[in-house]
Structure formats: C-alpha cells, structure tokens
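Each residue of the sequence shown is one higher than the one before, starting from 73 at the first, in the working numbering.
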Amino acid sequence: YLEELANGVWAVVSTPIESEDWTTGCNGGLIAGRERVVAVESFLRPAGADWLAQQSLALTGRRPTDVVLTHFHGDHANGLEGYADKTSPTLWVTKTTANLIRDEDAQSEEPPTSQREEMLDGATLIDSSRPFELDLGGRTITLHPRRGHTPSDVTVELQEPSIVFAGDLVWNGLFPNYRDTEASAFSKSIRALRRPQATTYVSGHGTLASGADVDKLLDMVENVGEAAKRAHKKGMPYIEAAAEFELPPAVSDWMLFNPKYFEVAFKSWYEELG
Numbered sequence: 073y074l075e076e077l078a079n080g081v082w083a084v085v086s087t088p089i090e091s092e093d094w095t096t097g098c099n100g101g102l103i104a105g106r107e108r109v110v111a112v113e114s115f116l117r118p119a120g121a122d123w124l125a126q127q128s129l130a131l132t133g134r135r136p137t138d139v140v141l142t143h144f145h146g147d148h149a150n151g152l153e154g155y156a157d158k159t160s161p162t163l164w165v166t167k168t169t170a171n172l173i174r175d176e177d178a179q180s181e182e183p184p185t186s187q188r189e190e191m192l193d194g195a196t197l198i199d200s201s202r203p204f205e206l207d208l209g210g211r212t213i214t215l216h217p218r219r220g221h222t223p224s225d226v227t228v229e230l231q232e233p234s235i236v237f238a239g240d241l242v243w244n245g246l247f248p249n250y251r252d253t254e255a256s257a258f259s260k261s262i263r264a265l266r267r268p269q270a271t272t273y274v275s276g277h278g279t280l281a282s283g284a285d286v287d288k289l290l291d292m293v294e295n296v297g298e299a300a301k302r303a304h305k306k307g308m309p310y311i312e313a314a315a316e317f318e319l320p321p322a323v324s325d326w327m328l329f330n331p332k333y334f335e336v337a338f339k340s341w342y343e344e345l346g
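Given below as structure tokens:
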C-alpha cells in the first residue's frame, strides 16, 4: 500500500508475509516535483512497477520520469520493465549495481526482455564516490552512494521534510538478509544514516522506521558482529555460533524471512574475518 509522508512524497509499504502477495516484495516510493517524478525501486515483479506507475499517474498526473534502484537484489530490481510505456523513464544506478543486475539476469532461466535491456543500457550511472543532487523542480533529492548491504547501495534522501529511502540498509521488524553483505561496512552505513532531527526512514522491508527504530537496528547489527567475532576467535563453526545467537531484548519480536538468516549473517562475518 501507499502511505503519504509529505506533500508529493509517498512510501510503498509491502507486506508479503501477512498478505502473501509478492507483487512488490519490498518497500519503495514516489517523490514528485514540478518537472520530474522519481520512483524508488522496481520491485520483485514487473506488475509491481506497473502498479506504482499507475499510482503515480493517478496521484501526480504523470508516470514516473525517473527510477532509482537502491541495489541489485531481485526483489528490488526484477520488475524494471514494468515501468516501460511509450517512453521509458530514466534509470539511475551505480555501475556496480548495473553490472550485478546483468550478472543475475544472465543466470536467470528466462532471458531479460528487450525493454529491460534497453533501460539498463541507457541508464544514467551514479558516481559511487560522492552524493548527487537531482532537481525535480521545486524539490531536490540526494542520491547517496553507500555500501554494506551489498557492494553498492544507494539511499534517496530529502532534507526538508527529513525523509530517507534507505533500501536494505534499514530493516524494521525483520532481521536483515546478509546474503551479499560487507559485514563491517553495514553497521557503518546504518550509523551514517542517522540524523539529529526527526526523520522518517523508508526501510527496505518491514514497517516505516523512526530514528529510534534505526538505533535498535544498529544495536542488533553490532550485537551480531560482536557475537561473530567472539565465536570466530574461539574457533567455533559459524553454524554453531548462529544457533547460539539470540536477538537483543529490544528487537526480540523481530521476524525472519528465512530461518537460516542468522547463519547467513554469521557466515558473512566469518568470511570477512578470514
């Protein structure tokens, strides 16, 4: 569903566990200015991107002019061609993300559509070394390259009102998937997202988050790291270490998409520790 965060700013909140509807599969959103409308994420399926394009048309009178992908994982990037119409929107990705999407597409049982390939080939690449300000007409957003959840993440940020579309650098109510995570960089990037003013964080999965929610996430992620380092030092196999891990009390009710997510997290840390 869509939740309005401010005038011209909406969050997509996906609830696949409760609804068993995986059309979108992740969170995202819309940001509208006078001249451009930005869609954040293309979701798990083209039908998810098409749904958001239709919502954009109903809310702003225009389909998205631009699409930003926060990272390459399929639940955020697989629906790209759903935005294509008579003219496709401009795609914004880092070079690393574009290459990783192509790698994933090459392993897919079905070849990518021509619309998907055209959008990737014509993408505007985000400089991975510095933030970029994009003028939407009366509203400016910042595309901020980061890393941690994957080798190349991007957050989409507004200063006023203070809103951060965080991709999978923020999870709320759900334990993160560390599948491609650079473990130590993950916590650094989460910490870098914190702002002194009240801020709404559009998480990659779960409910919308406040600064206090992000603090809980950071505390949990650091708990995982400390536990992994202790177990690694003792020579304990990561699977055993993961089996002993318990969520901190503040997030003890958080769910797991997959019961092996603790193992995935500890494996990520062990790979980094050597």
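Built from N, CA and C at the ideal position, the CB exists for glycine as well.
In this structure, DSSP gives Tyr73 a state outside helix and strand, which the three-state scheme calls coil. For Val85, there is no enclosing alpha helix (DSSP H), as DSSP gives it neither H nor E. Taking a contact to require three or more Cβ pairs closer than 8 Å, the stretch 153–166 and the stretch 123–139 qualify as touching. Per DSSP, the continuous alpha helix (DSSP H) segment holding Phe338 begins and ends at 333–345.
Distances from the CA of Pro118 to each of Asp157, Ala313, His277, Val165 were compared; the closest alpha carbon is that of Asp157. The Cβ atoms of Gly105 and Gly209 lie closer than 8 Å to each other.
Contact annotation: the stretch 279–289 does not touch the stretch 333–342, with fewer than three C-beta pairs closer than 8 Å.
Here Ala78 is bridged, per DSSP, to Val81.
Between Lys332 and the set Pro248, Gly346, Ala281, the nearest pair of CA atoms involves Pro248. Here the alpha carbons of Ala299 and Ala255 stand approximately 13 Å from one another. Between Ile103 and Val81, the C-beta gap is smaller than 8 Å, which places the two residues in contact. Fully enclosed alpha helix (DSSP H) runs of no fewer than 4 residues occupy 118–132, 146–149, 167–179 of the stretch 113–180, in order along the chain. For Asn244, the three-state secondary structure derived from DSSP is strand.
Per DSSP, the continuous beta strand (DSSP E) segment holding Leu230 begins and ends at 225–230. Residue environment for Ala130: exposed (fewer than 16 other C-beta atoms within 10 angstroms of its C-beta). Counted as a single uninterrupted DSSP element, the alpha helix (DSSP H) harbouring His304 occupies residues 283–306.
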